[in-house]
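Residue numbering for the sequence shown is 57 to 166, as defined by the numbering used here.
Beta carbons are placed, not taken as given, at the ideal position from N, Cα and C, and that holds for glycine.
No experiment lies behind these values; they were computed from the predicted model shown.
For reference, the structure is listed below as structure tokens.
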Amino acid sequence: MKTLALTLSLLLAGGHALAQSQTNDHDSHHASPAASETTEAEVRKVDKAAKKITLKHGEIKNLDMPPMTMVFQVKDAALLDQVQAGDKVRFTADKINGAYIVLTIESMKN
Ligand SMILES: [Cu+2]
């Protein structure tokens, strides 16, 4: 009887360990960042002539950048027609040839 009880408790412990490793796999899958992830920001200044925008942005996960206020170049000057200083926006950005470029931007007020 003692042997049977010991075997049962080992089986239960093994099952628990297996369930935990499956949970960890699930978490790491969700932690992987997407390149197209949007970041929230507030527009501080728009410079259409120079194709530049100043954004007070939140953490940019795909660029590993903490929240700050900085100047971005924009991929297309037409993006700047959709936003103005003071707007809350969502945007995506990437680092291209050493410069930070806004790829997409949209105002959150509708
Ligand atoms: Cu920044």
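Please confirm if residue 111 has its CB atom under 7 angstroms from at least one CB of chain D.
Of the protein chains in the structure, only one exists, and it is not chain D.
For residue 125, which residues of its own chain have a beta-carbon under 8 angstroms away from its beta-carbon, when the five flanking residues on both sides are left out?
100, 110, 111, 112 and 113
Measure from the alpha carbon of residue 144 to the alpha carbon of each residue in 162, 152, 123 and 133, then state which is nearest.
162
So, helix, strand or coil for residue 32, using DSSP?
With the chain running from 57 to 166 in the structure shown, residue 32 is simply not present.
From this set, 153, 135 and 117, which residue's C-alpha is nearest residue 104's C-alpha?
Taking only the C-alpha atoms, the option nearest residue 104 is 135.
So if I measure from each beta-carbon to every heavy atom of ligand 1 and keep distances below 5 angstroms, which residues remain?
121, 124 and 126
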